[in-house]
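In the working numbering, the protein residues as written are 1281 to 1403. To keep things clear, I will list the structure first and then write my remarks on it.
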Amino acid sequence: MAEEVVAYISAQPAAQANSLKALRSCLANRIAHAGIAVEEVISYSMPGFRVLSGRGTGKMLLGYAVWKAHLAIYPHSGTVLSKMTKTTRGLSQTKSALHIGIGDLPSDEIVDTMIRLRMAEIS
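This is the structure:
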């Protein structure tokens, strides 16, 4: 499935593609740091990480996408981001997505919190 993710990223303009590569690496590193086994997939027309084993098997952990002026991280939940308002203060977000500027990356704290909350939710 990683080929589909690479194709998604490669189809973007250079600045967005470079930002997506960095975001993909950032998310993958934090997920590995949390010790969660995942596979990369395309789900809901966007790249993301699906839990492979243990609690939450088969559920989407995080997705990400590119838009014209920003990247977005999707915890595939309507409640995770509402529990993170102190951590994400000052960042643009909707109920389902955290927005990151092109060329920016979220802090480890933000990603770790998102992973922890999403895993608690799907377990």
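For glycine and all other residues, C-beta sits at the position ideal for the given N, C-alpha and C. As the structure is a computational prediction, the values presented were derived from the model and not from experiment.
State the DSSP-derived secondary structure class of residue i, mapped to helix, strand or coil.
| i | result |
| --- | --- |
| HIS1356 | coil |
| ARG1310 | helix |
| ARG1330 | strand |
| GLN1296 | helix |
| LEU1371 | coil |
| LEU1351 | strand |
| LEU1303 | helix |
| LEU1385 | coil |
| LYS1366 | coil |
Hey, quick one: how far does the beta strand (DSSP E) through residue i stretch, first residue to last?
| i | result |
| --- | --- |
| ILE1322 | 1318 to 1323 |
| ILE1380 | 1378 to 1381 |
Return the first residue and the last residue of the alpha helix (DSSP H) that residue i is part of.
| i | result |
| --- | --- |
| ALA1345 | ALA1345 -> not in any alpha helix (DSSP H); beta strand (DSSP E) instead, spanning 1340 to 1346. |
| ARG1398 | 1388 to 1402 |
| ALA1282 | 1282 to 1290 |
State the Cα-Cα distance for the pair residue i and residue j, rounded to the nearest angstrom.
| i | j | result |
| --- | --- | --- |
| GLY1381 | ILE1353 | 11 Å |
| MET1364 | SER1290 | 31 Å |
| SER1362 | THR1393 | 12 Å |
| ALA1345 | PRO1327 | 7 Å |
| GLY1370 | ARG1398 | 21 Å |
| ALA1295 | SER1333 | 34 Å |
| GLY1315 | PHE1329 | 13 Å |
| TYR1288 | SER1325 | 9 Å |
Since residue i and residue j are thought to touch, with beta carbons under 8 Å apart, how far apart are those beta carbons, to the nearest angstrom?
| i | j | result |
| --- | --- | --- |
| GLU1273 | VAL1285 | This structure cannot settle anything about residue 1273, because the visible part of the chain is limited to 1281 through 1403. |
| GLY1383 | SER1299 | 6 Å |
| SER1323 | GLY1343 | 6 Å |
Could you tell me whether the stretch 1296 to 1310 touches the stretch 1384 to 1402, using the rule of 3 or more Cβ pairs below 8 Å?
-> yes
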